[in-house]
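Colleague:
Protein chains: 4
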Amino acid sequence: MGLRGRKKGSNGEESKVLLLNIAAEEFAQKGYYETKVSTIVKKAKLTQPTFYLYFQSKEAIFQELVNSFRAELFNFVEKSRLESGLEIGSLAEKIKIGLTAIFSFFVENPNITKIGFFLTPQAEEVKVNLATQITDNLTKEVEDGYFQTNVDLRTVAESLVGIMERLTVTKLFTGIKEPESLADDIVNLLLFGISSTTNE
Amino acid sequence: MGLRGRKKGSNGEESKVLLLNIAAEEFAQKGYYETKVSTIVKKAKLTQPTFYLYFQSKEAIFQELVNSFRAELFNFVEKSRLESGLEIGSLAEKIKIGLTAIFSFFVENPNITKIGFFLTPQAEEVKVNLATQITDNLTKEVEDGYFQTNVDLRTVAESLVGIMERLTVTKLFTGIKEPESLADDIVNLLLFGISSTTNE
Amino acid sequence: MGLRGRKKGSNGEESKVLLLNIAAEEFAQKGYYETKVSTIVKKAKLTQPTFYLYFQSKEAIFQELVNSFRAELFNFVEKSRLESGLEIGSLAEKIKIGLTAIFSFFVENPNITKIGFFLTPQAEEVKVNLATQITDNLTKEVEDGYFQTNVDLRTVAESLVGIMERLTVTKLFTGIKEPESLADDIVNLLLFGISSTTNE
Amino acid sequence: MGLRGRKKGSNGEESKVLLLNIAAEEFAQKGYYETKVSTIVKKAKLTQPTFYLYFQSKEAIFQELVNSFRAELFNFVEKSRLESGLEIGSLAEKIKIGLTAIFSFFVENPNITKIGFFLTPQAEEVKVNLATQITDNLTKEVEDGYFQTNVDLRTVAESLVGIMERLTVTKLFTGIKEPESLADDIVNLLLFGISSTTNE
DNA sequence: GATGAATGAGACTTCATTCAT
DNA sequence: AATGAATGAAGTCTCATTCAT
């Protein structure tokens, strides 16, 4: 084959990654339906058949981005948990670490976050999973006697997810708050409510 | 028959309402893009030209539903506020009444709620407005000395919106909770957090 | 029936004439295809079914206007010919009288002229007839020895039609020239050409 | 044919040209509105999406034909002028050369001529331009003392345009006369009128 | 004489996707 | 690995025309 088929040193993997990145941006910006395959390839300076060399369909590339969101988020959060003094710390601390990790991932990957956490119908599933996990954690803490409450824990977990969702849009993506400070606020609110009189 | 200006009950108005209802259901279920005008009219046992007799475009009927969501929600909440002993009551009570009103409207109008609060890009605006209003109310309470807090009120407001959003999907639309009980939970959580040890 | 069915004293004939006039204006302005039945009836403050009470189709009302152009033009020209000292006069005089009559009709009936002389495919036929008639007249004059020429008379006739066509658009409808003065110019040009050094 | 720097013979350009030719024929025959994109592509043995690969819209392909009429006519006339002994010759000769060139272009390109000189609303503009140009030429001749007249030159020019218009339809497109002989007739008529007693 | 409501038919256009090279 | 060219399938919308009253 030699150099004949090559163009500007690009190769297959590069093209695929390029397409994924552009697609992520487009989907994040315009949503699934307003994103056209023709636009993606144009921005990548490629052609439509090339697109289908790497992805079975428009749906498929979208799904790939959704999956990468899920996988990378999981990895990132896992890694953060391990790095941060492991399983010790108070409930507040633990929640804070988790939230900070998630938010950090979100700000660093806004496009796939928009796709995987907001755009896709599977976002619902992601959120349900997240809520379940949170519920489990809370439940364990209660069982272990670390704190007690008269609020339904599932509701708390889902509320937390809702808070994350909304503040990600209004505070994080707008650059108004940083992951850590946002996590702080949320933990504070969640633990003590607005009637709190604690000092920081 | 008399009343020359109005043609009440004439078939035309009926057809329009019919189309609006079916469209609301379709949009709520499948989203804007997967909803086809052809499907709407088929379900209404009408034809496509008839659709365009009442709506300028698919976009237009969608917008009409969004607008009706906004207007009706506003009316409903306003009415609820007036009916409920007017401006009196503690902060908790006031929030609870407001939330209950909103949730009641949501359960009673799930389709346009999905459309106007979740589907449309304008939902963002709705939520921002809602958060602003809540922020204003909270701020006034603080200024009036009814309570004090060290949490940023805008963040609280936005969190509340996020909680509403999420619990509407998971608890309200699923039938797991009723408006009032849901409002109760939220107020509880928001005021005292999960560390609360208060008894009801 | 009494007065019950009546509306503002309008009756059938009136409505028909109204529709014809509005249609003439619309067709003249926008052409056949850009003229919509819905627009015509709206401007007439009537409804579409009413339109079909008087005309079998859009095509039909258009045809009616074309016919009325042909008939009225014929009448008008005939009348002019009779009124103007009948068959006497030089060739120049005769042509001038004929042209003035036609141009007068055109300025007074711009809408149906546009329709019947420019818009409709049948305009071709009208022009061919006109050219034939003119050719006949010229031929007779030559045969009667009133003048001689070495130009093909059919070509002259068709040229005259072309001149009329164009000057109607550029001079008559724009108000730059009056029928008589326009007829004058044309006769002058046609008889003597631009090399003419005759004085009026 | 020339090489023109284009992808000669490539299938894409061929398809575009094919579509243009068929479209020209269709438009010329049936007019803008009665010409359907579906018919054009069927005759080209292509499909509708292919049409939109080369033209943005039905309107656009029509405009492309109009533009090509204007450009090619201009080129052709320009070329003819240069080829024909340049600026010398009597007025009659000059007009004759110009008319012959135009008529030659017309017979050789009947379809785009019908479109650009008769069908499109822009034809009016073309004719006005033509008349202006002719007026300028005539005026110069008069100023240079080559001939004198008492007829308004703009009117003469517009008459000439009218004559061209009509004779193109009746003599040229029907094959009754050739460009040169037609130009001859017109010049004769225009210069001397029907009273001419000159011998050929 | 008139109309509110409805429709048959069809036009233009778009887009994801594939064929052949 | 890549592309020029093409298309199947479908969707939105328009308009002249009619039905039932």
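Protein chains in written order, with full-length UniProt numbering: chain B, 1 to 200; chain H, 1 to 200; chain U, 1 to 200; chain C, 1 to 200. Where is the CB? At the ideal position from N, CA and C, for every residue including glycine. Being a predicted model, the structure only gives us computed values, none of them experimental.
Kindly list, in the order they appear in chain C, the residues whose Cβ is closer than 7 Å to that of Ile163(U).
Modeller: Ser159, Gly162 and Ile163, listed in chain order.
Colleague: Tell me which same chain residues have a C-beta within less than 8 Å of the C-beta of Pro110(H), skipping the five on either side of it?
Modeller: So the list reads Ala28 and Phe173, once near-sequence residues are dropped.
Colleague: Can you pull the chain H residues whose beta carbon is under 8 Å from the beta carbon of Val156(B), in chain order?
Modeller: In chain order: Leu189 and Ile194.
Colleague: Residues in the same chain with beta-carbon distance under 6 Å from Leu65(B), minus the five sequence neighbours each way, listed in chain order, please.
Modeller: The answer, listed in chain order, is Ala24, Ile112 and Ile115.
Colleague: In the structure shown, what three-state DSSP assignment does Gln56(B) receive?
Modeller: Correct three-state label for Gln56(B): coil.
Colleague: Does the beta carbon of Glu83(U) sit closer than 9 Å to a beta carbon anywhere in chain C?
Modeller: Not an interface residue.
Colleague: Under DSSP, the alpha helix (DSSP H) around Glu125(H) begins and ends at which residues?
Modeller: Note, Glu125(H): alpha helix (DSSP H), Ala123 to Glu143.
Colleague: Determine the DSSP secondary structure at Asn111(C), reduced to helix, strand or coil.
Modeller: The answer is helix: DSSP assigns Asn111(C) an H, G or I state.
Colleague: Quick one: what does DSSP say Gln29(U) is sitting in, helix, strand or coil?
Modeller: It is helical.
Colleague: CB-CB under 8 Å to Ala131(U), same chain, minus the five flanking residues each way: which ones, in chain order?
Modeller: Cβ neighbours of Ala131(U) beyond the five flanking positions: Arg154, Ala157, Glu158, Leu160 and Val161.
Colleague: What number of angstroms, rounded off, separates the C-alpha of Phe105(H) from the C-alpha of Lys43(H)?
Modeller: Whole-angstrom Cα-Cα distance: 26 Å.
Colleague: Step through the CB atoms of chain C and report whether any lies within less than 9 Å of the CB of Ile102(U).
Modeller: No, because no Cβ of chain C sits closer than 9 Å to the Cβ of Ile102(U).
Colleague: Taking one C-beta from the segment 168-185 of chain B and one from the segment 93-105 of chain B each time, how about it: are there three or more such pairs within less than 8 Å?
Modeller: At 8 Å Cβ cutoff, the stretches touch.
Colleague: Given that Tyr33(B) touches chain H, what residues does it touch there, using C-beta distances under 7 Å?
Modeller: Tyr33, listed in chain order.
Colleague: Give me the subset of the segment 133-158 of chain C whose CB atoms are less than 9 Å from a CB atom of chain U, sorted by chain position.
Modeller: If the cut-off is 9 Å between Cβ atoms, the segment 133-158 of chain C has Leu138, Phe147, Gln148, Thr149, Asn150, Val151, Asp152, Leu153, Arg154, Thr155, Val156 and Glu158 near chain U.
Colleague: Run through the UniProt DNA-binding region "H-T-H motif" (36-55) of chain C for me and flag every whole alpha helix (DSSP H) of 4 or more residues, listed as ranges in chain order.
Modeller: Those alpha helix (DSSP H) runs which fall completely within the UniProt DNA-binding region "H-T-H motif" (36-55) of chain C and span 4+ residues are 37-43 and 48-54.
Colleague: I want to see whether chain H comes within less than 9 Å of Val77(B), judged by CB atoms only; does it?
Modeller: No, Val77(B) does not count as interfacial toward chain H.
Colleague: Can you give the Cα-Cα distance for Glu83(U) and Phe74(U), rounded to whole angstroms?
Modeller: Going by the C-alpha atoms only, they are around 14 Å apart.
Colleague: Among residues of its own chain, excluding the 5 on either side of Leu138(U), which ones have a beta-carbon nearer than 6 Å to its beta-carbon?
Modeller: Leu153, listed in sequence order.
Colleague: Determine the direct distance from the alpha carbon of Thr170(B) to that of Gln122(H), and round the result to whole angstroms.
Modeller: Computed Cα separation, rounded: 14 Å.
Colleague: Roughly how many angstroms separate the alpha carbons of Asn67(B) and Thr39(H), rounded to a whole number?
Modeller: Spanning the two alpha carbons is a distance of roughly 32 Å.
Colleague: Whose C-beta lies closer than 8 Å to the C-beta of Gly145(H) among residues of the same chain, with five residues either side of it excluded?
Modeller: Closer than 8 Å at the Cβ level, and outside the excluded window around Gly145(H), lies no residue.
Colleague: Under 9 Å between C-beta atoms, does Lys94(H) make it to chain B?
Modeller: No, Lys94(H) does not count as interfacial toward chain B.
Colleague: Just to confirm my understanding: we take Val17(H), look at its own chain, exclude 5 residues before and 5 after, and list those with CB closer than 7 Å. What are they?
Modeller: Same-chain partners within the cutoff: there are none.
Colleague: Under DSSP, the alpha helix (DSSP H) around Gly162(C) begins and ends at which residues?
Modeller: Note, Gly162(C): alpha helix (DSSP H), Leu153 to Leu167.
Colleague: Rounded to a whole number of angstroms, what is the C-alpha to C-alpha distance between Glu59(B) and Asn21(H)?
Modeller: Using only the alpha carbons, I get a separation of about 30 Å.
Colleague: Does DSSP classify Gln63(H) as helix, strand or coil?
Modeller: Reduced to three states, the DSSP call for Gln63(H) is helix.
Colleague: List the endpoints of the continuous alpha helix (DSSP H) containing Ser195(B).
Modeller: No alpha helix (DSSP H) contains Ser195(B), which DSSP labels as neither H nor E.
Colleague: Taking Val128(C) as the reference, give the member of Leu167(U), Lys79(U) and Pro49(U) with the closest Cα.
Modeller: Checked all of Leu167(U), Lys79(U) and Pro49(U); the closest Cα to Val128(C) is Leu167(U).
Colleague: So Val142(H) packs on Gln133(H), CB below 8 Å; how close in whole Å?
Modeller: Contact flag wrong, Cβ pair sits at about 15 Å.
Colleague: If you measure from the beta carbon of Ala60(B) to each beta carbon in chain H, is any gap under 9 Å?
Modeller: Not an interface residue.
Colleague: Identify whether Thr170(C) lies in helix, strand or coil by the three-state DSSP scheme.
Modeller: If DSSP states are grouped into helix, strand and coil, Thr170(C) belongs with the helices.
Colleague: Does the beta-carbon of Leu91(B) have 16 or more other beta-carbons within 10 angstroms, so that it is buried, or is it exposed?
Modeller: Buried, because 16 or more other Cβ atoms sit within 10 Å of the Cβ of Leu91(B).
Colleague: Hey, how far is the Cα of Glu124(U) from the Cα of Thr120(H)?
Modeller: Roughly 56 Å separates the two Cα atoms.
Colleague: Does the distance from the C-beta atom of Ile194(U) to that of Leu46(C) stay below 9 Å?
Modeller: Cβ atoms of Ile194(U) and Leu46(C): not closer than 9 Å.
Colleague: Does any residue of chain U have a CB that is nearer than 9 Å to the CB of Thr198(C)?
Modeller: For Thr198(C), the predicted model reports a pLDDT of 46, less than 50, meaning its position is unreliable and no value from the coordinates is stated.
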